[in-house]
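Quick notes on the structure that follows.
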Amino acid sequence: MARPTRISIDLNAIKANLAHVRHLAPSSKVLGIVKANAYGHGAVAVARAIAPLVDTIAVSCMEEAQALRMEGVKSPLLLLEGAFTQAEWRDIAGQGMIAMIHSDYQWQWLQELAMPTPVMAWLKVDTGMHRLGLSLEQASEMMARMRSSGLIHDQLVLASHFASADEPDNPLNQQQYHRFSELHRKHPELLASLANSAAIMADPKYHLDWVRPGLMLYGVSPFGCEEVDKILRPAMTLSSQIIALREVKKGEFVGYGNRWCAAKPSLIATVAIGYGDGYPIAAKDGTPALVNGKEAYLAGRVSMDMLTLDVSHIHNVKIGDEVELWGKRLSVNRVARYANTIGYELLTRLPSRVQRDYVD
Ligand SMILES: *Cc1c(COP(=O)(O)O)cnc(C)c1O
534 MARPTRISID LNAIKANLAH VRHLAPSSKV LGIVKANAYG HGAVAVARAI APLVDTIAVS
594 CMEEAQALRM EGVKSPLLLL EGAFTQAEWR DIAGQGMIAM IHSDYQWQWL QELAMPTPVM
654 AWLKVDTGMH RLGLSLEQAS EMMARMRSSG LIHDQLVLAS HFASADEPDN PLNQQQYHRF
714 SELHRKHPEL LASLANSAAI MADPKYHLDW VRPGLMLYGV SPFGCEEVDK ILRPAMTLSS
774 QIIALREVKK GEFVGYGNRW CAAKPSLIAT VAIGYGDGYP IAAKDGTPAL VNGKEAYLAG
834 RVSMDMLTLD VSHIHNVKIG DEVELWGKRL SVNRVARYAN TIGYELLTRL PSRVQRDYVD
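If you number the sequence shown the way our numbering does, the last residue is 893 and the count never jumps.
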């Protein structure tokens, strides 16, 4: 492809980040999360790369799981939102997938189906986030019935999810941890899982039997840190090139809607990437991008296929120079703040229009 807009994915960085998870949580099993196209990194390529290094791979739904199976990924696959319909339970069982049971109706469906072989499942409980999961009372009662029913495999994992793990001092974390521990104490025969990336990095007591890293695998700080992490290695670099350069006089405007006005004579670089490529239109003037490794600043509203940078202060800028929009040297979290969003969102909404290149 001649258009220079690229997503470059460093699979070795993902493997190194996974090794860091193992280092932090040496006694836990690892559920590698590749939902939402591996946070935009390409689910098939990432799953193939991490398959030998994780214990199970997680996706959000059956469609995502089947896409991996079709491409030859043989690892155990867990569906984080479980069955969406009763019929789907048959496929889950038939294809040996592992399903999260987060609501009573999913368990009812399973009882009605009364399939001959037990399904593999995780049981999600709501310890305070109030998004998914059985209430603590419901869970306690249901677990006994599940185990005696013969419908569910013995290796049942009890799971819950933190609402504010990215704020380690938030008191809700301790509250959720205590509620979870209390339930687990009543059912010590079950395995337990609580930690997403932020919780893995925040406190070893959250590690338990299974850790569930997502964002940290991709080398982005789950705490929203805007510096490139010293330990985690960013896996994705979004880049393009300068396709036009012009001098604008003081008082001239740049881009749609006259948003940016030159306060002095300025050099403006036009870059071949826009909101049609996943770069956020919400990005404010001043959002950083790296031109030949030096910081340039967004000047004017992002267009569909292009954006404009003020490069007045950078020497020897030329047509064809490389521009990093985020990645190895510029944290996606930093760009996200200028666009009133979070790194997770910028990563997951990159369109298929932009080619992904893998380096291994
Ligand atoms: C997405 C997800 C994770 C991973 O979260 P990160 O913050 O990306 O580490 C962990 N657990 C569950 C249940 C999830 O849905």
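Backbone N, C-alpha and C define an ideal beta-carbon position, used for all residues, glycine too.
Cβ atoms of residue j and residue i: under 8 Å apart, would you say?
| i | j | result |
| --- | --- | --- |
| Leu557 | Thr589 | no |
| Leu705 | Ser697 | yes |
| Leu771 | Trp859 | yes |
| Leu601 | Val652 | no |
| Leu765 | Leu823 | no |
| Asp699 | Ala672 | no |
| Gly615 | Met633 | yes |
| Leu691 | Leu646 | no |
| Ala591 | Leu613 | yes |
| Ser608 | Ala571 | no |
| Ile545 | Gly752 | At residue 545 the sequence reads Asn, which differs from the Ile that was named. No, they are not a contact pair. |
| Gln774 | Val804 | yes |
| Val892 | Gly833 | no |
| Leu610 | Trp655 | no |
| Asp854 | Ser541 | no |
| Lys827 | Ile801 | no |
| Gln619 | Trp642 | yes |
| Ile566 | Gly747 | yes |
| Val868 | Thr820 | yes |
| Gly807 | Asp838 | yes |
| Glu621 | Met662 | no |
Should residue i be counted as a contact of ligand 1 given a C-beta to heavy atom distance under 7 Å?
| i | result |
| --- | --- |
| His740 | no |
| Ala580 | no |
| Ser864 | no |
| His694 | yes |
| Ile590 | no |
| Ile566 | yes |
| Met749 | yes |
| Arg792 | no |
| Ser730 | yes |
| Pro701 | no |
| Pro755 | yes |
| Leu612 | no |
| Pro746 | yes |
Taking the straight line between their C-alpha atoms, what separation do you get for residue i and residue j?
| i | j | result |
| --- | --- | --- |
| Ser560 | His694 | 20 Å |
| Cys794 | Ala580 | 46 Å |
| Asp810 | Arg882 | 9 Å |
| Ile547 | Pro798 | 43 Å |
| Ala768 | Leu840 | 24 Å |
| His635 | Phe756 | 26 Å |
| Val658 | Leu665 | 7 Å |
| Pro721 | Ser714 | 10 Å |
| Gly876 | Val865 | 5 Å |
| Tyr871 | Lys817 | 6 Å |
| Asp843 | Tyr830 | 5 Å |
| Arg623 | Leu667 | 22 Å |
| Ala535 | Val887 | 12 Å |
| Ser754 | Ser726 | 21 Å |
| Ala728 | Lys738 | 9 Å |
| Asp852 | Ala569 | Position check: residue 852 holds Ile in this sequence, whereas Asp was assumed. The straight-line gap from Cα to Cα measures roughly 35 Å. |
| Gln644 | His740 | 32 Å |
| Tyr553 | Pro649 | The sequence as given places His at residue 553; Tyr does not occur at that position. C-alpha separation (whole angstroms): 41 Å. |
| Gln709 | Asp736 | 14 Å |
| Ser682 | Arg718 | 22 Å |
| Lys782 | Arg792 | 15 Å |
State the DSSP-derived secondary structure class of residue i, mapped to helix, strand or coil.
| i | result |
| --- | --- |
| Asp843 | strand |
| Asp659 | coil |
| Gln688 | coil |
| Glu614 | coil |
| Ile764 | coil |
| Ser593 | coil |
| Ser608 | coil |
| Ala696 | coil |
| Lys861 | coil |
| Ala807 | What sits at residue 807 in the sequence shown is Gly, not Ala. Coil, per DSSP. |
| Leu883 | coil |
| Arg713 | Correcting the residue identity first, residue 713 is Phe in this sequence and not Arg. It is helical. |
| Pro821 | strand |
Can you confirm whether residue i, when its beta carbon is compared against all beta carbons of chain C, has any partner nearer than 8 Å?
| i | result |
| --- | --- |
| Leu723 | Protein chains in the displayed structure number just one, and chain C is not present. |
Check: Is the segment 778-795 touching the segment 566-577 in the sense that three or more CB pairs, one from each, lie closer than 8 Å?
Finding: Between the segment 566-577 and the segment 778-795, the count of Cβ pairs shorter than 8 Å is below three; the stretches do not touch.
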